[in-house]
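> Residue numbers (the numbering used here), protein chains in the order written: chain A, 1 to 346; chain B, 347 to 726. Next up is a structure, given as structure tokens.
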Amino acid sequence: MTGHQRKLDIRNGCIDLSHGSGGRAMVQLISGLFHEAFGNEWLARGNDQSAFDVGAGRLVMTTDGYVVSPLFFPGGNIGSLAVHGTVNDIAMAGARPLYLSASFIIEEGFPFRDLKRIADSMGEAARLAGVHIITGDTKVVERGKADGLFISTAGIGVVPDGLNLSAETACVGDRVLISGTLGDHGIAIMSKRRNLAFETEIASDSAALHDLVQKMVQAGAPGIRLMRDPTRGGLAATLNEIAQQSDVGFRLQEEAIPVKPGVAAACELLGLDPLHVANEGKLVAIVSPDVANAVLAAMRAHPLGCDAADIGEAIADMRHFVQMITSFGGGSIVDWLSGEQLPRIC
Amino acid sequence: MKYADEFRDKAIALGLSKTIHAAADPERSYRFMEFCGGHTHAISRYGLEDILPSNVRMIHGPGCPVCVLPAGRIDMAIRLAERPDVILCVYGDLMRVPASQGASLLKAKAGGADIRMVYSTIDTIRIAEENPAREVVFFAIGFETTAPPTAVAVRLAEKKQLSNFSVFCNHVLTPPAMQNILESPDIGNIRHVEIDGFVGPGQVSTIIGTAPYGFFAEEFGKPVVIAGFEPLDMMHAILMLVGQVNEHRHEVENQYRRAVTRDGNLRAKEEISDIFELRDQFEWRGLGQVPYSGLKLKRAFAKYDAEVRFDMNELRVADNPACECGAILRGVKKPVDCKLFGTVCTPEMPVGSCMVSSEGACAAHWTYRRFRDQEQRGAS
Numbered sequence: 001m002t003g004h005q006r007k008l009d010i011r012n013g014c015i016d017l018s019h020g021s022g023g024r025a026m027v028q029l030i031s032g033l034f035h036e037a038f039g040n041e042w043l044a045r046g047n048d049q050s051a052f053d054v055g056a057g058r059l060v061m062t063t064d065g066y067v068v069s070p071l072f073f074p075g076g077n078i079g080s081l082a083v084h085g086t087v088n089d090i091a092m093a094g095a096r097p098l099y100l101s102a103s104f105i106i107e108e109g110f111p112f113r114d115l116k117r118i119a120d121s122m123g124e125a126a127r128l129a130g131v132h133i134i135t136g137d138t139k140v141v142e143r144g145k146a147d148g149l150f151i152s153t154a155g156i157g158v159v160p161d162g163l164n165l166s167a168e169t170a171c172v173g174d175r176v177l178i179s180g181t182l183g184d185h186g187i188a189i190m191s192k193r194r195n196l197a198f199e200t201e202i203a204s205d206s207a208a209l210h211d212l213v214q215k216m217v218q219a220g221a222p223g224i225r226l227m228r229d230p231t232r233g234g235l236a237a238t239l240n241e242i243a244q245q246s247d248v249g250f251r252l253q254e255e256a257i258p259v260k261p262g263v264a265a266a267c268e269l270l271g272l273d274p275l276h277v278a279n280e281g282k283l284v285a286i287v288s289p290d291v292a293n294a295v296l297a298a299m300r301a302h303p304l305g306c307d308a309a310d311i312g313e314a315i316a317d318m319r320h321f322v323q324m325i326t327s328f329g330g331g332s333i334v335d336w337l338s339g340e341q342l343p344r345i346c
Numbered sequence: 347m348k349y350a351d352e353f354r355d356k357a358i359a360l361g362l363s364k365t366i367h368a369a370a371d372p373e374r375s376y377r378f379m380e381f382c383g384g385h386t387h388a389i390s391r392y393g394l395e396d397i398l399p400s401n402v403r404m405i406h407g408p409g410c411p412v413c414v415l416p417a418g419r420i421d422m423a424i425r426l427a428e429r430p431d432v433i434l435c436v437y438g439d440l441m442r443v444p445a446s447q448g449a450s451l452l453k454a455k456a457g458g459a460d461i462r463m464v465y466s467t468i469d470t471i472r473i474a475e476e477n478p479a480r481e482v483v484f485f486a487i488g489f490e491t492t493a494p495p496t497a498v499a500v501r502l503a504e505k506k507q508l509s510n511f512s513v514f515c516n517h518v519l520t521p522p523a524m525q526n527i528l529e530s531p532d533i534g535n536i537r538h539v540e541i542d543g544f545v546g547p548g549q550v551s552t553i554i555g556t557a558p559y560g561f562f563a564e565e566f567g568k569p570v571v572i573a574g575f576e577p578l579d580m581m582h583a584i585l586m587l588v589g590q591v592n593e594h595r596h597e598v599e600n601q602y603r604r605a606v607t608r609d610g611n612l613r614a615k616e617e618i619s620d621i622f623e624l625r626d627q628f629e630w631r632g633l634g635q636v637p638y639s640g641l642k643l644k645r646a647f648a649k650y651d652a653e654v655r656f657d658m659n660e661l662r663v664a665d666n667p668a669c670e671c672g673a674i675l676r677g678v679k680k681p682v683d684c685k686l687f688g689t690v691c692t693p694e695m696p697v698g699s700c701m702v703s704s705e706g707a708c709a710a711h712w713t714y715r716r717f718r719d720q721e722q723r724g725a726s
């Protein structure tokens, strides 16, 4: 039996520096663990790159690094997150995600069984999202240099002709739609941090949103101005960005913003605002008022949008404030988060 | 959310708002200082000023422990943290507080100092146990509310015979600061103070009780209403203050009965007095030296006192002369009266104490309320 064919000892083995050296051990790791998890015709060819055909339409491309801590959390792990995050960045253009790359920076001593769990959930997430991981890279660094594992993914998708979702297109009077409850991902991560651990049933909302996006596009395409997934910095950061890019302001109704009671309670305890907490399976859509109801109905009919809500409108404001009518009827600003709420959330 | 939503009910709030409008005498103005940063935050976050009558004005006091910590004390902590043998444990809100010359704990951490954010003093004990070869120092800040957990940590360190744990003590007391504000010269004759009453601290009062405020009510003739931190608590307390002013009463009333008693938490008070003693003076950012307003570890616990253990030198740093924090903290000026507000001083790059924490008067105004300033300016 050659080194190429010897099986990895998944149960007891772990990464060592030889797995990044370009030698047999690396080939063994790639074919025994990653190919098995991602299994597709492109990887099987074993090239340093993959060639693929794309259909009609414009290409979109995105890239993202994943450094979340802890690596495993309620509702997912760094692997599923690395697929969902990149798929969602593509989907926010209204595009159909097609292909991903995946690059791993792994620390020596990292257990194979954890790596397999992560790779398997990446493969599973990719299959469910209908995308293929067609090229990748593995590097191994010394113990203590990568806190277990970092993943970087890039993705390519195709936008149908005629669809142009972009951040500078919001207009005064447009409605602000959100696909569900805010803050689930951030709170799920925080609940597992060593110095913060608390009991909660909240799981990360990490999910691929492209199918929800397709349904929304079908329901109201010409009236959908733009979509964003409110990840780090939460809804507050996303809307403040859009306000500046589109030269508008926003006025939100606090009572309309969906937040799970468990998330609200955890935020209360930790002194956080759910509008600043990260999401990984939610989108905000700015749509013209004439299609708002149709798009909202399409969102609510989809499993990932059942808690969707119309939370406010774009207003004329040269200063680009995101204002909120509080549940008390008073006015307030929803500002950018100052400083860092929690490092390494995704 | 149980026990929170009940105190955020819109219908009750609007009812209270109507009652306050009816009770407030249109012929006069009412200026109430809420001492606590938590109250300041609730007022701004929920937009309470929008549903109060225009002649009822809230003045945001110095009750944010992060904000009132002078830059010199942060400098001292940074010097300590730069020692390679030291692990400095801090509450997260301290990380960005500006020290002298643009320094902060966050920057010191990025520069290699071992500074760790903790949520509980118990975490610092754990860190000390896990790192027997290092010196673990807890950067203790806060009012009477956070002093008992620091005392518990000292007790635990003693019980576990930890020889590598100490406390850099910066605990401060509420009543001396309130007194300092009322006695400050720019407020003028104490019988004509510009403050008509106080919304008394909630959490602090769960520890010290309502009794210590009797002095203000009597000596300065000012009503004090101890209030909880929910928006309805604030509205209720404001109504009670308006009532006292109208009836020319100046008493200590307790709105926060679900948590605060007359004598407070006896066990916690005992812990504080067992472990700590008063400093003759302690510097507050914005207020300057305030007599008998700070705590330090008693001599019997000197081995846990980082200032003794590391022979730390007191560092003093003058506040930026253009910064109006002092006047804002005393209610003499508003955030928008400061030239630095929103220009060179923002939550990202705070110059003065009030911009540091989200509970500071300037930061709360900047974060939640600045759209109103511009609307008013635009209208005038």
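Here a beta-carbon is modelled for each residue, glycine too, at the ideal position from N, C-alpha and C. Please read all numbers here as calculations on a predicted model, not as lab measurements.
#1: Determine which residues share a DSSP beta bridge with Leu440(B) and list them.
#2: By DSSP's criteria, Asp310(A) is part of a beta bridge. Which residues make up the other side?
#3: If you measure from the beta carbon of Gln245(A) to each beta carbon in chain B, is any gap under 9 Å?
#4: For Cys708(B), is the classification buried or exposed, using 16 other Cβ atoms within 10 angstroms of its Cβ as the cut-off for buried?
#5: CB-CB under 6 Å to Ile468(B), same chain, minus the five flanking residues each way: which ones, in chain order?
#6: Could you confirm whether any beta carbon from chain B is found closer than 9 Å to the beta carbon of Glu241(A)?
#7: Once the 5 residues before and after Asp683(B) are set aside, which same chain residues still bring their CB inside 7 Å of it?
#8: Near Glu107(A), what residues of its chain come up, given a Cβ to Cβ distance below 8 Å and the 5 sequence neighbours on each side ignored?
#9: Can you pull the chain B residues whose beta carbon is under 9 Å from the beta carbon of Pro97(A), in chain order?
#10: On the DSSP bridge assignment, give the partners of Thr153(A) in chain order.
#11: What is the DSSP secondary structure of Leu641(B), counted as helix, strand or coil?
#12: Taking the beta carbon of Lys406(A) as the centre, do at least 16 other beta carbons fall within 10 Å, making it buried, or is it exposed?
#13: Using CA coordinates, which residue listed in Arg595(B), Ile473(B), Cys382(B) is at the minimum distance from Pro411(B)?
#14: How many Å lie between Thr692(B) and Ile333(A) at the Cα?
#15: Could you give the distance in angstroms between the alpha-carbon of Leu643(B) and the alpha-carbon of Val402(B)?
#16: For Thr326(A), which residues in chain B fall below 7 Å Cβ to Cβ?
#17: Within a Cβ cutoff of 6 Å, which residues of the same chain sit near Gly76(A), ignoring the five residues on either side of it in sequence?
#18: With respect to the beta strand (DSSP E) encompassing Ser512(B), which residues constitute its N-terminal and C-terminal limits?
#19: Determine the extent of the alpha helix (DSSP H) in which Asp620(B) is found, giving its start and end residues.
#20: Taking Cβ-Cβ distances shorter than 7 Å, what residues in chain B pair up with Leu196(A)?
#21: On a CA-only basis, which of Gln627(B), Ala350(B), Lys356(B) is nearest Gly330(A)? Give me that one, please.
#22: Determine, using beta-carbon pairs with one atom in the stretch 554 to 564 of chain B and one in the stretch 373 to 393 of chain B, whether at least three such pairs fall under 8 Å.
#23: Name the chain A residues whose beta carbon is nearer than 8 Å to that of Arg354(B)?
#24: At a Cβ threshold of 9 Å, is Ser332(A) touching chain B?
#25: Take the Cβ of Thr470(B) as the centre, count every other Cβ of all protein chains shown within 10 Å, and call the residue buried at 16 or more, exposed below.
#26: Please identify, using Cβ separations under 7 Å, the residues of the stretch 260 to 288 of chain A that lie next to chain B, in order along the chain.
#27: What is the DSSP secondary structure of His406(B), counted as helix, strand or coil?
#28: Per DSSP, which residues does Gln525(B) bridge with? Please list them.
#29: Which one of Cys435(B), Leu440(B), Arg429(B) has the shortest CA to CA distance from Gly457(B)?
#30: Please identify, using Cβ separations under 7 Å, the residues of the stretch 403 to 419 of chain B that lie next to chain A, in order along the chain.
#31: Over the uninterrupted beta strand (DSSP E) stretch that includes Lys462(B), give me the two end residues.
#32: Taking a contact to mean a Cβ-Cβ separation below 9 Å, would you say Ala285(A) touches Ser191(A) in this structure?
#33: Helix, strand or coil for Asn47(A)? Go by DSSP, reduced to three states.
#34: On the CB-based measure, 16 or more other CB atoms within 10 Å of its CB, does Glu380(B) come out buried or exposed?
#35: Answer with yes or no whether the minimum CB distance from Arg442(B) to chain A is below 9 Å.
#36: Go ahead and label Cys435(B) buried or exposed: buried means 16 or more other beta carbons lie within 10 angstroms of its beta carbon, across all protein chains shown.
In short, the structure shows the following:
#1: DSSP lists no partner for Leu440(B).
#2: BP columns for Asp310(A) point to Leu177(A).
#3: no
#4: buried
#5: none
#6: no
#7: So the list reads Glu670, once near-sequence residues are dropped.
#8: Ile15, Val140, Val141, Glu142, Arg143, Gly144, Lys145, Ala146, Asp147, Gly148, Leu149
#9: Going along chain B, no residue has its Cβ under 9 Å from Pro97(A), so there is no contact; the nearest lies around 35 Å.
#10: Asp64(A), Ala102(A)
#11: Assigned with DSSP and collapsed to three states, Leu641(B) falls in strand.
#12: The shown model of chain A, from 1 to 346, leaves out residue 406(A), and the question about it has no answer.
#13: For the residues Arg595(B), Ile473(B), Cys382(B), the minimum Cα distance to Pro411(B) belongs to Cys382(B).
#14: 15 Å
#15: Roughly 42 Å separates the two Cα atoms.
#16: Tyr392, Gly393
#17: So the qualifying residues of the chain are Ser204, Ser206.
#18: Counting along the chain, Ser512(B) sits inside the beta strand (DSSP E) bounded by residues 511 to 517.
#19: 612 to 621
#20: By Cβ distance, chain B contributes Tyr465.
#21: Lys356(B)
#22: Cβ pair count under 8 Å is below three, so no.
#23: Here the neighbours are Ser327, Phe328.
#24: yes
#25: buried
#26: Correct list: Pro261, Ala264, Ala265, Glu268.
#27: strand
#28: The partner list for Gln525(B) (beta bridge, DSSP) is empty, contrary to what the question assumes.
#29: Arg429(B)
#30: Within the stretch 403 to 419 of chain B, no residue qualifies.
#31: Here residue 462(B) is Arg; the residue named in the question, Lys, does not match the sequence. Arg462(B) -> beta strand (DSSP E) spans 461 to 464.
#32: no
#33: Coil at Asn47(A), not helix or strand.
#34: buried
#35: yes
#36: buried
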